[in-house]
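Engineer: Numbering (our numbering), first residue to last: 1212 to 1386. A virtual CB, placed ideally from N, CA and C, is assigned to each residue, including glycine. First the structure, then my questions, so here it is.
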Ligand SMILES: C[S@@+](CC[C@H](N)C(=O)[O-])C[C@H]1O[C@@H](n2cnc3c(N)ncnc32)[C@H](O)[C@@H]1O
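And the structure:
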């Protein structure tokens, strides 16, 4: 299923390595002890770089052996960071669920890679402003060319980060 999905699903947009390495540096990834990659299969750069750095993580994906749907999967024990590039098409539900996980203490912090347009719409503005005390937004100065996508797909993106200690003084930055 996964092999078919990654070739045909418009929501399967693979993150390039430089984006992963950059955010890992910015948030000091080594300071986290229990990380969750909820939209990531074996070929994800988040996971591959995580292996190189010997990070302690759990990677799950809707088409892995257990069919780990993000909305039904429990974060790993003591999860102090959720980080991923989620499907953009149902970002509202994903953002809402991620804030619920943070509000209920099931995850301590998160970083979601999203299109710039995530900053608009009333529904998202409401969620972001309700959490703005611990929010940091990192905006890409240059559009991202995602792996396996043609240049016409290049997207302006940003990281929506919540409660990340290394970003405490970076509430709104261009990267
Ligand atoms: C934007 S892609 C990111 C792929 C990879 N994580 C990366 O960054 O290179 C999002 C992935 O999430 C998967 N996905 C979609 N809905 C999901 C869900 N409810 N739970 C878990 N994974 C899901 C899609 O099949 C797709 O492969």
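1. To the nearest whole angstrom, what separates the beta carbons of residue 1216 and residue 1274, a pair I think is in contact under 8 Å?
2. Of the residues 1281, 1248, 1282, 1341, which one's Cα is nearest the Cα of residue 1266?
3. Report the start-end ranges of each alpha helix (DSSP H) in the stretch 1267-1343 that is 4 residues or longer and not cut off at the edges.
4. Look up residue 1255 in the DSSP assignment and say whether it is helix, strand or coil.
5. Can you tell me whether residue 1336 is buried or exposed? The criterion is at least 16 other CB atoms within 10 Å of its CB, across all chains shown.
6. Excluding the five sequence neighbours on either side, which residues of its own chain have a C-beta within less than 6 Å of the C-beta of residue 1381, listed in chain order?
7. From the DSSP secondary-structure annotation, give me the bridge partner or partners of residue 1366.
8. Check whether the Cβ of residue 1281 lies closer than 8 Å to any heavy atom of ligand 1, and answer yes or no.
9. Would you list the one or two residues that DSSP bridges to residue 1384?
10. Based on the DSSP output, what are the partners of residue 1246 in its beta bridges?
11. Whole angstroms is fine: what's the gap from residue 1298's alpha carbon to residue 1251's?
12. From what residue to what residue does the alpha helix (DSSP H) around residue 1233 run?
13. Taking just the CA atoms, how far does residue 1228 sit from residue 1369?
14. Do you know offhand how far residue 1262's Cα is from residue 1342's?
15. Within its chain, find whatever has a CB closer than 6 Å to the CB of residue 1358; leave out the 5 residues flanking it on each side and keep chain order.
Structural biologist: Quick answer:
1. In this structure residue 1216 touches residue 1274 by the C-beta definition: roughly 6 Å separates them, less than 8 Å.
2. Selected option, being the one with the closest Cα: 1248.
3. Secondary structure in the stretch 1267-1343: the alpha helix (DSSP H) runs of 4 residues or longer, each lying completely within the stretch, are 1302-1314, 1333-1341 in chain order.
4. Coil, per DSSP.
5. Residue 1336 comes out exposed.
6. 1347, listed in sequence order.
7. BP columns for residue 1366 point to 1355.
8. Yes; taking the cut-off as 8 Å, the Cβ of residue 1281 has a heavy atom of ligand 1 nearer than that.
9. Beta-bridge partners assigned by DSSP to residue 1384: 1349.
10. Residue pairing by DSSP places residue 1246 opposite 1268, 1292 in a beta bridge.
11. Taking the straight line from one Cα to the other gives about 11 Å.
12. Run containing residue 1233: 1228-1238, per the alpha helix (DSSP H) assignment.
13. Going from the Cα of residue 1369 to the Cα of residue 1228 covers about 16 Å.
14. Each residue's alpha carbon lies about 32 Å from the other.
15. Excluding five sequence positions before and after residue 1358, the CB atoms of its chain that fall closer than 6 Å to its own CB belong to 1225, 1227, given in chain order.
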